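Protein chains: 2
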Amino acid sequence: MMRMDSIRAAVAPPGRHAVTNASRKGDESRLRILEAALVEFGAGGYRSTTTRSIADRAKTTLPPLNYYFGSKEGLYRACAEEIVLRYSEITNDAVSGATQIIQSVSSPETARSALKTLVAASVRLIIGSPVFILGNGIIARELSEPGPAFDIFYEQLWLPGIERNAKLISRIKGEVDVSAESRLQSILLISSLPSFHARRRVAQKAMQWSGIGESELNLLIEVLHRQIDQI
Amino acid sequence: MMRMDSIRAAVAPPGRHAVTNASRKGDESRLRILEAALVEFGAGGYRSTTTRSIADRAKTTLPPLNYYFGSKEGLYRACAEEIVLRYSEITNDAVSGATQIIQSVSSPETARSALKTLVAASVRLIIGSPVFILGNGIIARELSEPGPAFDIFYEQLWLPGIERNAKLISRIKGEVDVSAESRLQSILLISSLPSFHARRRVAQKAMQWSGIGESELNLLIEVLHRQIDQI
DNA sequence: TCCATAATGTATCGGCTGATATATTTTGTG
DNA sequence: CACAAAATATATCAGCCGATACATTATGGA
Numbered sequence: 001m002m003r004m005d006s007i008r009a010a011v012a013p014p015g016r017h018a019v020t021n022a023s024r025k026g027d028e029s030r031l032r033i034l035e036a037a038l039v040e041f042g043a044g045g046y047r048s049t050t051t052r053s054i055a056d057r058a059k060t061t062l063p064p065l066n067y068y069f070g071s072k073e074g075l076y077r078a079c080a081e082e083i084v085l086r087y088s089e090i091t092n093d094a095v096s097g098a099t100q101i102i103q104s105v106s107s108p109e110t111a112r113s114a115l116k117t118l119v120a121a122s123v124r125l126i127i128g129s130p131v132f133i134l135g136n137g138i139i140a141r142e143l144s145e146p147g148p149a150f151d152i153f154y155e156q157l158w159l160p161g162i163e164r165n166a167k168l169i170s171r172i173k174g175e176v177d178v179s180a181e182s183r184l185q186s187i188l189l190i191s192s193l194p195s196f197h198a199r200r201r202v203a204q205k206a207m208q209w210s211g212i213g214e215s216e217l218n219l220l221i222e223v224l225h226r227q228i229d230q231i
Numbered sequence: 001m002m003r004m005d006s007i008r009a010a011v012a013p014p015g016r017h018a019v020t021n022a023s024r025k026g027d028e029s030r031l032r033i034l035e036a037a038l039v040e041f042g043a044g045g046y047r048s049t050t051t052r053s054i055a056d057r058a059k060t061t062l063p064p065l066n067y068y069f070g071s072k073e074g075l076y077r078a079c080a081e082e083i084v085l086r087y088s089e090i091t092n093d094a095v096s097g098a099t100q101i102i103q104s105v106s107s108p109e110t111a112r113s114a115l116k117t118l119v120a121a122s123v124r125l126i127i128g129s130p131v132f133i134l135g136n137g138i139i140a141r142e143l144s145e146p147g148p149a150f151d152i153f154y155e156q157l158w159l160p161g162i163e164r165n166a167k168l169i170s171r172i173k174g175e176v177d178v179s180a181e182s183r184l185q186s187i188l189l190i191s192s193l194p195s196f197h198a199r200r201r202v203a204q205k206a207m208q209w210s211g212i213g214e215s216e217l218n219l220l221i222e223v224l225h226r227q228i229d230q231i
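This is the structure we're talking about:
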């Protein structure tokens with residue numbers, strides 16, 4: 001009982017992190033595993049995904065998974081952090097634009113325009129981006145059934161997003177402080193998108209779309225923009 | 001191999017169904033198991049829920065589960081059908097009212113009012129009803145990760161709901177035929193609700209609500225009604 | 001009351017899963 | 001080139017899960 005290996009692996013994944021000049025092959029493997037995990041977790045969720053399937057996709061075996069990430073749960077959390085990272089990078093422009101407008105003295109119409117930009121960017125990212133569908137699967141699932149990554153997404157993605165949009169909506173309506181109503185509108189607006197991702201199959205079937213391409217995205221954005229126009 | 005028992009159990013759960021005068025105790029057990037399954041599946045989803053936990057909650061053992069429902073999946077599907085049944089019963093009034101308005105020659109304002117009634121009823125059912133939270137958990141999960149019950153919900157719940165609301169929206173706008181836009185608006189409107197259920201924790205945290213009671217529901221309905229006013 | 005059948009419990013099987021002890025190979029460095 | 005450390009593979013374990021063979025009890029009609 002209480003073997004050295006398990007302690008080392010569980011507490012701080014690989015000791016390698018403390019070392020400055022580690023081998024490059026290790027990093028490549030780590031990334032390959034992470035990528036495979038994103039695919040597998042994204043397709044099947046946490047429970048349904050087996051570490052073996054991840055190892056297979058990463059063209060390796062089981063031990064490296066624990067070697068680099070400590071456990072299945074550690075790997076899952078690493079996926080969540082990776083998703084947040086990529087997400088932030090992509091939305092960086094739209095977000096910093098909005099932040100600037102929120103912090104400065106701006107007209108309702110400026111705020112409205114920023115909100116539209118944010119929403120359009122989110123739609124393209126969440127629903128349109130093929131490379132991001134897997135990440136969105138993980139996000140959507142974590143929303144409807146909080147798992148090991150809930151807190152990561154909540155604190156780094158949802159709460160900031162809700163607050164940002166609520167402030168913009170508030171500005172549009174000329175409120176001095178953000179009202180409960182505005183915050184609720186923000187939640188509903190933001191909720192629509194992962195929902196739409198999750199209900200992709202439902203929506204596609206109901207709309208009789210053969211796929212979700214440019215024209216479909218544009219229609220969706222148009223409808224949302226019109227909704228924003230009427231705030 | 002190919003034993004009688006398994007064939008009988010898998011194809012048509014119990015032969016009992018063909019019999020007119022079966023024992024009452026069997027029905028009670030069946031219901032108790034179904035109720036327990038609704039709780040367990042609702043709390044944990046299909047994969048995470050074990051047949052043992054269901055049997056425990058139903059204060060019985062494993063064999064009766066297969067005896068009455070053939071398999072874990074059969075039990076899950078039975079839960080979905082039960083949910084659809086209860087759901088339909090509760091929304092029956094609002095739905096038949098809306099149907100009547102759709103089929104007759106009605107003014108935009110009549111349609112708008114019917115849509116508001118439908119949405120308010122849905123909000124109370126999906127978000128407000130404590131007895132229905134478990135069913136909604138199953139529905140929400142099945143939306144974001146299609147499982148054995150997806151088709152049941154799609155055909156009996158979502159598609160009819162989307163079509164109904166789309167027709168009302170279309171009527172409100174005075175369209176002759178239901179436009180793609182109206183249908184999309186309908187999807188977005190309907191999507192908000194299970195989303196809000198799923199994101200209950202997120203919303204509650206973000207709104208700093210201690211719970212979702214009458215006043216919170218009313219605020220939510222108010223925001224949605226205002227949205228409908230601006231269609 | 002008796003008995004066929006329905007209902008439930010006990011015990012167990014086979015398969016899968018996460019994890020890891022152990023052995024082997026690969027890598028970077030002096 | 002040699003060698004310590006890092007990385008990867010093999011083999012295996014222990015636990016859980018769905019399912020069911022088998023045994024037992026309960027039910028209700030004749």
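The listed protein sequences derive, respectively, from chains H and W. The first sequence begins at 1 in my numbering and counts up one residue at a time. The second sequence begins at 1 in my numbering and counts up one residue at a time. The C-beta atom is built at its ideal place from N, Cα and C for all residues, glycine as well. Being a predicted model, the structure only gives us computed values, none of them experimental.
Alpha-carbon spacing of residue i relative to residue j, whole angstroms
i	j	result
residue 220/H	residue 85/W	32 Å
residue 99/H	residue 230/H	22 Å
residue 40/W	residue 41/H	23 Å
residue 300/H	residue 167/H	Limits of chain H in this structure are 1 at one end and 231 at the other, which puts residue 300/H out of reach.
residue 55/W	residue 137/W	20 Å
residue 179/H	residue 206/W	12 Å
residue 172/H	residue 107/H	8 Å
residue 131/W	residue 29/W	20 Å
residue 203/W	residue 192/W	12 Å
residue 144/H	residue 196/H	13 Å
residue 140/H	residue 200/W	13 Å
residue 217/W	residue 45/W	26 Å
residue 146/W	residue 65/H	28 Å
residue 184/H	residue 62/H	45 Å
residue 224/W	residue 210/W	21 Å
residue 70/H	residue 79/H	13 Å
residue 74/W	residue 129/W	26 Å
residue 135/W	residue 83/W	6 Å
residue 17/H	residue 156/H	Residue confidence is low: residue 17/H scores 34 on pLDDT, short of 50, so the model does not pin down where it sits. No coordinate-derived value is stated.
Which of helix, strand or coil DSSP assigns to residue i
i	result
residue 209/W	coil
residue 113/W	helix
residue 45/W	helix
residue 145/W	coil
residue 178/W	coil
residue 232/W	Beyond the ends of chain W as shown, which are 1 and 231, falls residue 232/W; an answer cannot be given.
residue 192/H	helix
residue 215/H	helix
residue 186/H	helix
residue 199/H	coil
residue 29/H	helix
Delimiting residues of the alpha helix (DSSP H) encompassing residue i
i	result
residue 125/H	No alpha helix (DSSP H) holds residue 125/H; DSSP gives it neither H nor E.
residue 159/W	159-173
residue 82/W	72-103
residue 230/W	That residue, residue 230/W, is in no alpha helix (DSSP H); it is neither H nor E in DSSP.
residue 68/W	62-69
residue 58/W	First-last for residue 58/W: undefined, no H or E at that position.
residue 150/W	150-153
TODO: May I ask you to list, following chain order, the residues of the region 142-157 of chain W that have a beta carbon less than 7 Å from some beta carbon of chain H?
DONE: Those residues of the region 142-157 of chain W that come within reach of chain H (Cβ to Cβ, closer than 7 Å) are 143, 144, 145, 146 and 154.
Open item on the list: Along the region 163-189 of chain W, where does the CB come closer than 8 Å to a CB of chain H? Name the residues.
Closed with: Under the 8 Å Cβ criterion, the region 163-189 of chain W contributes 163, 180, 181, 183, 184, 185, 187 and 188.
Task: the region 191-206 of chain W: positions lying closer than 8 Å to chain H by Cβ - done: Cβ contacts with chain H come from 191, 192, 194, 195, 196, 198, 199, 201, 202, 203, 205 and 206.
- [ ] Please list the residues of the region 116-136 of chain H that have a C-beta atom closer than 7 Å to any C-beta atom in chain W, keeping them in chain order.
- [x] Cβ contacts with chain W come from no residue of the region 116-136 of chain H.
Task: chain H contacts made by the region 43-54 of chain W, where a contact means CB separation under 7 Å - done: The region 43-54 of chain W vs chain H, Cβ under 7 Å: 45, 47 and 48.
Task: Near-chain W residues of the region 93-107 of chain H - C-beta to any C-beta below 7 Å - done: Result list empty, no residue passes.
Open item on the list: At a CB distance below 7 Å, what residues from the region 70-94 of chain H approach chain W? Give them in sequence order.
Closed with: Those residues of the region 70-94 of chain H that come within reach of chain W (Cβ to Cβ, closer than 7 Å) do not exist; the list is empty.
- [ ] Using a Cβ-Cβ cut-off of less than 7 Å, list which residues of the region 210-226 of chain W approach chain H; keep chain order.
- [x] Residues are counted here when their Cβ sits less than 7 Å from a Cβ of chain H; for the region 210-226 of chain W these are 219, 220 and 223, given in chain order.
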